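Visitor: Numbering (my numbering), first residue to last: 0 to 354.
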Amino acid sequence: MRPTAVERPVHGGARPDQLQAGVIDFSASINPYAPPPGLRRALAAADLRSYPDPFAGSLATQLASTHNLRPGHLLVGNGASELIFLIARALLGPGSRTVVVGPAFGEYAYASALTGAEVVTYLAPEPAGFVPELAELTRLLNRTRPALVWAANPANPTGIYLPEGPFKATLDAFEGVLVIDEAFRSFVSGPWPSEALLNTGRVILLRSLTKDFGLAGLRLGYLLGPPEIVDRVRAHQPPWSVNALAQAAGEFILTRTDFIDACRSRLTRRRQELRRALERLGLRVSDSAANFLLVRTGAATACTEFLLERHGILVRDCTSFGLPDYIRVAVRRRPENRRLVAALTDWVRSRAPHP
Ligand SMILES: Cc1ncc(COP(=O)(O)O)c(C=O)c1O
């Protein structure tokens with residue numbers, strides 16, 4: 000059990016000047032085949048002079064129907080990140096406690112700590128490939144009795160995708176609300192139907208449209224949950240938080256679900272190739288179901304600097320996740336992945352003891 004201080008989390012993503020200088024960005028895990036054709040035309044038609052629907056009602060209704068749910072179960076947000084902050088504000092406060100299943104995206108702990116809640120981090124063990132140890136997690140939940148538990152599936156930065164069982168066991172181990180952040184779910188082949196857990200009345204599912212559809216600069220995400228909880232979260236959202244362009248993008252995307260299906264199979268092949276190539280270098284690579292891999296390079300900060308300075312490749316140094324020997328790399332198109340493998344080959348050679 001480890002209390003977490005209020006510190007702004009670090010994120011991946013290249014700076015504009017780095018991109019202009021030709022740096023290849025493996026540090027943010029965005030679909031390299033996005034955005035879908037036609038998106039820019041749909042954006043150009045958006046009405047920028049008028050206020051948009053304050054809570055993206057029409058988009059929420061359409062999204063809800065794709066999940067066979069009523070609109071009251073759904074809240075659209077300015078990216079999943081906004082929703083993380085709103086959930087924390089609605090459900091936590093001084094005197095309450097939350098557990099983050101880690102290693103994890105830093106905003107859960109940050110948003111929770113801002114409310115005055117006590118944040119406890121559970122770190123999945125490295126020897127088990129970062130798969131959470133259920134008995135240990137259950138003991139922690141029994142002891143801490145949190146109001147809210149944050150878990151991602153697939154997890155970031157490991158990409159580990161868990162079946163339904165561990166989530167049901169987690170729900171049995173405490174009485175509060177479980178947030179399952181499914182920001183990277185679109186990249187998983189054959190995911191299980193997590194919507195069924197909404198029947199428990201204690202689960203919030205978070206979805207992001209910024210990674211799969213390449214809208215990181217536009218910002219769009221949504222949550223699914225029991226209407227009573229969704230209402231409490233919505234009460235904290237400022238009106239027009241999801242702007243007209245983001246709403247137009249969302250409505251366009253609803254017509255292009257075939258796009259992500261096609262990308263998923265290509266990216267799965269690219270991930271498998273990249274993983275095999277990195278393992279051939281002797282590097283330990285996470286069993287990721289997502290569009291990124293966690294790679295044990297040793298000395299992550301030095302490795303990140305080496306790759307950027309010598310090869311113009313930006314990767315995510317995972318020191319801020321508590322993993323100073325690991326980097327996270329996005330799965331990109333084949334020629335770029337080959338450049339990453341060549342750069343990491345150079346890194347591995349540079350570390351080999353000289354005869
Ligand atoms: C696990 C996880 N959840 C949520 C987010 C934020 O998503 P969005 O861009 O929709 O705010 C990220 C961003 O990297 C993430 O890694």
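C-beta atoms are modelled at their ideal positions from N, C-alpha and C, and glycine is treated no differently. Predicted model only: the values in this text are computed from it and were never measured.
Could you tell me which whole beta strand (DSSP E) segments of length 3 or greater appear in the segment 293-334?
Guide: Listed in chain order, they are 325-329.
Visitor: If we ignore side chains and look at the alpha-carbon of each, how far apart do Glu163 and Asp345 end up?
Guide: Each residue's alpha carbon lies about 40 Å from the other.
Visitor: Tell me whether Asn155 counts as near ligand 1, meaning its Cβ is closer than 7 Å to at least one heavy atom of that ligand.
Guide: Yes, ligand 1 has a heavy atom inside 7 Å of this Cβ.
Visitor: What do you get for Thr209, buried or exposed, if any count of 16 or more other CB atoms within 10 angstroms of its CB means buried?
Guide: Thr209 comes out buried.
Visitor: By the DSSP assignment, the beta strand (DSSP E) with Tyr358 in it spans what residues?
Guide: Nothing can be reported for residue 358: it is not among the residues displayed for the chain, which extend from 0 to 354.
Visitor: If you measure from the CB of Ala151, is any heavy atom of ligand 1 nearer than 7 Å?
Guide: The answer is yes for Ala151.
Visitor: Could you pull the start and end residues of the alpha helix (DSSP H) that Thr120 belongs to?
Guide: From DSSP, Thr120 is part of no alpha helix (DSSP H) but of the beta strand (DSSP E) over 117-122.
Visitor: Would DSSP call Val22 helix, strand or coil?
Guide: If DSSP states are grouped into helix, strand and coil, Val22 belongs with coil.
Visitor: Give the DSSP-derived three-state secondary structure of Ala127 in the structure shown.
Guide: Helix, per DSSP.
Visitor: From the DSSP output, in three-state form, read off Arg206 for me.
Guide: Three-state result, Arg206: strand.
Visitor: Should the segment 225-236 be regarded as contacting the segment 32-47, the criterion being three or more beta carbon pairs within less than 8 Å?
Guide: No, they do not touch.
Visitor: In the DSSP assignment, what are the bridge partners of Phe291?
Guide: Its beta-bridge partners are Ala329.
Visitor: Taking the straight line between their C-alpha atoms, what separation do you get for Gly321 and Ala110?
Guide: Approximately 18 Å between the Cα atoms of the pair.
Visitor: Since Ala299 and Thr318 are thought to touch, with beta carbons under 8 Å apart, how far apart are those beta carbons, to the nearest angstrom?
Guide: Ala299 to Thr318, Cβ: 5 Å. Contact.
Visitor: At what residues does the alpha helix (DSSP H) containing Tyr221 begin and finish?
Guide: Taken as a continuous stretch (DSSP letters only), Tyr221 belongs to no alpha helix (DSSP H), being part of the beta strand (DSSP E) at 220-223.
Visitor: Which residue wins for smallest C-alpha separation from Glu117, given the options Val148, Leu133, Pro102?
Guide: For the residues Val148, Leu133, Pro102, the minimum Cα distance to Glu117 belongs to Val148.
Visitor: Please classify Asp355: is it buried, with 16 or more other beta-carbons within 10 angstroms of its beta-carbon, or exposed?
Guide: This structure leaves residue 355 out entirely; the chain is present only between 0 and 354.
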